[in-house]
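Step one of this worksheet: look at the structure below.
Residue numbers (full-length UniProt numbering): 1 to 286.
Dropping the structure here:
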């Protein structure tokens, strides 16, 4: 089944349409991660001022509930004691579990036993987000060159039915000769060993070639369907007129034969080249 080229182009354009959506989503995610890192750094400073993460947790519980019930108590969204606004309290609620995990890890790794150490919140890793973004962009390439027909043509031709590993006539003859005393597996192994620089052939390829030989009696490709060629008849007519009167112009030949001047010129030029090569061969043989 051969897919039309317009269908392939439409599919590529549809895939390219996701570019803006993917980029906007990852840009928003990247901005959110950067914003969260900024807020976490501010929270680290607050934790350093309070002296321990337990004091910070108490501040989260007290001020977070106050911010959720009434914003007037903050004084235009600002906390006079810690310098945090309402958005900071929301972030505090979201990363409270992160503080608890870091506190447990820091207490387990405290070898000096000098008391609780300052806990560092595990902020989302920006490198991981960028890695995921690059991976998705590599899976869905959105470069402008994809709209070029030179790059679309191999993709569209891949949907058509054509030989994956075309064989020359000499290679086909070699496979047929090997088939006299070998099976398909041995033929493939022997052929691939003899031609290491060529793409390896498979047993299915050999099976199709031998089946074609049994059905048609030939290993050559079938002639393509279509209107029979009439170039030979036209060429013989034009060459015959040209031999009779070599000085006749292309315009006169076109008027007599009914063919175009470009076609007549192409046939005569081919005839002259073949005639010159034949004369040269005769001179060399003599």
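Using N, Cα and C, we set each Cβ at its ideal position, and we do this for glycine too. Every value quoted in this text rests on a predicted model; they were computed, and no experiment measured them.
- Scanning 42, 268, 201 for the CA closest to the CA of residue 249 turns up 268.
- For residue 222, the three-state secondary structure derived from DSSP is coil.
- Taking all protein chains in view, the Cβ of residue 172 is crowded by 16 or more other Cβ atoms within 10 Å, so the residue is classified as buried.
- Relative to the Cα of residue 233, the nearest Cα in the group 264, 218, 24 belongs to 264.
- Within the model, the alpha-carbon separation for residue 30 versus residue 195 is close to 52 Å.
- Annotation: the continuous alpha helix (DSSP H) that includes residue 192 extends over 184 to 194.
- Between the alpha carbons of residue 272 and residue 244 lies a gap of roughly 14 Å.
- Cα atoms of residue 32 and residue 166: separation of roughly 54 Å, rounded to the nearest angstrom.
- Residue 206 sits away from residue 213, with the two beta carbons spaced by 8 Å or more.
- In the three-state reduction of the DSSP assignment, residue 170 falls in the helix class.
- Here residue 247 carries a coil assignment [DSSP, helix/strand/coil].
- Residue 188 and residue 202 do touch by the CB rule: their CB atoms are close to 6 Å apart, below 8 Å.
- Setting aside the 5 residues that flank it on each side, residue 179 is surrounded in the same chain by 187, 206, 210, each with a C-beta closer than 8 Å to its C-beta; the list follows chain order.
- Residue 197 has its alpha-carbon roughly 36 Å from the corresponding atom of residue 6.
- Remark: C-beta atoms of residue 266 and residue 256 do not approach each other more closely than 8 Å.
- Apart from sequence neighbours up to five positions away, no residue of its chain approaches residue 44 with a beta-carbon distance below 6 Å.
- For residue 260, the closest of 36, 235, 204, 21 by C-alpha to C-alpha distance is 235.
- In the structure shown, residue 42 falls within a helical segment according to DSSP collapsed to helix, strand and coil.
- In the three-state scheme derived from DSSP, where H, G and I count as helix and E and B as strand, residue 202 is classed as coil.
- Looking at 35, 26, 221, 39, the one whose alpha-carbon comes closest to that of residue 131 is 26.
- In the displayed model, residue 18 falls within a helix according to three-state DSSP.
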